[in-house]
Amino acid sequence: MDIRTRFAPSPTGYLHVGGARTALFNWLFARKLGGKLVLRIEDTDEKRNTPEARDAITEGLTWLGLDWDEGPDMGGPYGPYSQSERGDIYEKHLQKLQDAGHIYEDAGALRFRSPRQTVVVEDLVCGKIPFDMSNPGTHPDMTIRRPDGSWIFHFVNVVDDIEMRMTHVIRGEDHLSNTPKHIELYQALGATPPQFAHIPLILNKEGKKLSKRDGGSSLAYFIEEGYAPEAVTNYLCLLGWSPKDDREVLKLETIRELFDLGGVNRRNAIFDLDKCFWINGQHIIHMTPTRFMDLTLPFIEKAGIAYGDVSRLAPALAIVQPKVKHLSDVPEWIAFLFTEDFPIDPEASQKVLGKAGAKNRLEALAASLGALGEWNHSAIEAALKACASQLGAKVGELVHPARVAATGRQVGPGLYELLEVLGKDRACARLMKAAASAA
RNA sequence: GACCCUAUCGUCCAGCGGUUAGGACACCGCCCUUUCACGGCGGUGACACGGGUUCGAAUCCCGUUAGGGUCGCCA
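In the working numbering, the protein residues as written are 303 to 741.
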């Protein structure tokens, strides 16, 4: 059997992490089994749809590194892939239901008459669940078309899944209770329902469904804050799934190999930004310098850092990569290398340079660094330590003011490496300049 | 309210009848160290409750409680 899954978001607002994870699970499942992933835009509610939201979906998926085989952008054998363009198809299926006597009118809207039987949902994650649909009070007949002719989600969703030959429907658990209604529709349409897999929800810190107000609920947040896509997919897959051993920092390829729907949890997970942050740091540390540059360049460009040629960027990025946690922090971490007019943290300047004796120590350090024949981080380290012992000062008493003098900041790359990349002349000049204003 | 799902450290994830209940994040110590970070070592910290079944339950069953979800002419 050829596996076919789909991600079917509605373009209302941004792509949120819950949607991203649903897309991820569909992608993992399809890709692991050599199946197809379809992107379908569920834009039946015109009032709520925006073009921006449409773009956010495709851009978000692309950013995450998830590709799809059929969709509005590239078409496919079962298109069109936007529900707003599939009116004829819905008409056809509606006619079928009407001919079979499943439809009745109610105040101008059309409703589907439930067979009122027990429907068993067989779910790959949740197991076998019988739903007693016999009570119209608790399971009212669903509306499938509004008086204005527009379509309701349940109907078009099922029609499209039939028409697009979906074999597996992997979606949020919030749809579990809707599934028996969907199955009634499949049966009325004479179609075999796909395999269902309802994955647990992602909750915020308060245990409520993740909403716009929650930090990190939008994928845009992670893009802007400088998360690596592979870190986000890594974290997201860990919400409800695990490789069943102690591994947590995983490549997408590894996750794809290991992924198994049957191994997915049934309990909702609370989103923990701290852990996502940690995973991001892990991915940054371990990624190749090339990857680091690729991910970092947009932030550097945006910040307007005049780095000249990318060859000048490489050494700067090399000293930053092991320590930076947000890619968006990179520009301010490297700014000092590409201009003499870099911003100076006033608090650092006052606190560190204002400390008694700072002037002396900076001058002494400038002198001993200036006398250095070789200019590399180990030579610098040796010289600084020698200088410190000569002055009877702690190493840190030289390191801190030197860092502020050289970078204008208290945090950043390792001092010795940073001075090496800065170059001897510029380094010494900055030490002297800072000394002039130090206490 | 009815129906459905769920219930292991604060959080995420292991455990699927016999474990000193494990790992990670966070937190707290210590070490390394140039700050932050990274790394190393150690610590605090959990089987919601009550009944069963069993020689033996975190694991199986029932109930209670709690949380979440669905019950739309939203998706």
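Backbone N, C-alpha and C fix where the C-beta goes; we use that ideal spot for every residue, glycine too.
Every value quoted in this text rests on a predicted model; they were computed, and no experiment measured them.
Q | Contact set for Y316: own chain, Cβ-Cβ below 6 Å, skip 5 residues either direction | A | A358, S520, A522
Q. Buried or exposed: Q652, going by 16 or more other Cβ atoms within 10 Å of its Cβ?
A. exposed
Q: Taking P432 as the reference, give the member of V421, G321, K334, P442 with the closest Cα.
A: V421
Q) Are G320 and G474 close, meaning C-beta to C-beta below 8 Å? A) yes
Q: From the DSSP output, read off the bridge partner residues of H318.
A: S520
**Q.** Presumed contact (8 Å Cβ cut-off) between A481 and F455, rounded CB distance
**A.** Reading off the sequence shown, one finds Thr at residue 481, where the question assumed Ala. Actually they are not in contact, since the Cβ atoms of T481 and F455 sit about 13 Å apart, beyond 8 Å.
Q | Inter-stretch contact at 8 Å, needing at least 3 Cβ pairs: the segment 560-580 / the segment 654-670 | A | no
**Q.** 8 Å CB neighbourhood of A650 in its chain, flanking five on each side removed
**A.** V706, G710, R711, Q712
Q. Taking C-alpha atoms, which residue in G542, D548, G606, W365 lies nearest to T641?
A. G606
Q. Quick one: what's Q497 bridged to in DSSP?
A. H470
Q: Reducing DSSP to helix, strand and coil, say where D406 ends up.
A: In the sequence on display, residue 406 carries Tyr and not Asp. DSSP places Y406 in strand when its eight states are reduced to three.
Q | Three-state secondary structure (DSSP) of E341 | A | At residue 341 the sequence reads Leu, which differs from the Glu that was named. Looking at L341 - three-state DSSP - the assignment turns out to be strand.
**Q.** L674 beta carbon less than 8 Å from that of A704
**A.** One thing to note: A704 has its Cβ no nearer than 8 Å to the Cβ of L674.
Q: Report yes if the C-beta distance between I586 and K627 is below 8 Å; otherwise report no.
A: yes
Q: Take P545 and list the residues in its own chain whose beta-carbon comes closer than 6 Å to its own, dropping the five residues that flank it on each side.
A: L560
Q.
Using the Cβ count rule (16 or more neighbours within 10 Å means buried), how would you classify T440?
A. exposed
Q: Give a yes or no on whether the C-beta atoms belonging to F644 and I472 are separated by under 8 Å.
A: no
Q: Would you decide whether Y406 is buried or exposed? Buried here means 16 or more other CB atoms lie within 10 Å of its CB.
A: A residue is called buried when at least 16 other Cβ atoms come within 10 angstroms of its Cβ; Y406 does not meet this threshold and is exposed.
Q) Taking three-plus beta-carbon pairs below 8 Å as touching, is the segment 521-540 in contact with the segment 478-497? A) Contact between the segment 521-540 and the segment 478-497 is absent, because fewer than three Cβ pairs lie under 8 Å.
Q: Report all residues from its chain with a CB closer than 6 Å to the CB of S286; omit the five preceding and five following residues, and keep chain order.
A: This structure gives no information on residue 286, because the portion of the chain shown stretches from 303 to 741.
Q. Over what stretch of residues does the alpha helix (DSSP H) that includes V697 continue unbroken?
A. 697-709
Q) Near M303, what residues of its chain come up, given a Cβ to Cβ distance below 7 Å and the 5 sequence neighbours on each side ignored? A) T469
Q) Between which two residues does the alpha helix (DSSP H) harbouring E683 extend? A) 679-693
Q: Count the CB pairs spanning the segment 590-600 and the segment 681-697 that are closer than 8 Å, and state whether there are at least three.
A: no
Q: Per DSSP, which residues does R308 bridge with? Please list them.
A: V340
Q: Using only alpha-carbon positions, find the residue among N570, Y383, Y718 that is nearest to P502.
A: If we check each option's Cα against that of P502, N570 comes out closest.
Q: Assess, as a yes-or-no matter, whether the segment 326-342 is touched by the segment 485-492 under the definition of 3 or more beta carbon pairs within less than 8 Å.
A: no
Q | Assigned secondary structure, A738 (DSSP; H/G/I helix, E/B strand, else coil) | A | DSSP, reduced to helix, strand and coil, places A738 within a helical segment of the structure shown.
Q) Are the beta-carbon atoms belonging to E465 and Y537 less than 8 Å from one another? A) no
(Q) Please report the distance separating the alpha-carbon of N351 from that of K726. (A) 58 Å
Q. So, C539 versus L326, is the Cβ gap smaller than 8 Å?
A. Against a cut-off of 8 Å, the Cβ pair of L326 and C539 comes out as a contact.
Q: Return the chain-ordered list of same chain residues with a C-beta closer than 6 Å to the C-beta of C578, the five sequence neighbours on each side being excluded.
A: Y537.
Q. How big is the Cα-Cα spacing for V759 and S416?
A. The structure shown does not extend to residue 759, since the chain is modelled only from 303 to 741, so the question has no answer here.
(Q) Looking at the strands, I want to know which residues DSSP matches up with P432. (A) V422
Q: Compute the distance between the beta-carbons of A741 and A690, then report whether it is under 8 Å.
A: no
Q. Just curious, the beta strand (DSSP E) that A411 is in, first and last residue?
A. Element bounds for A411: 411-414.
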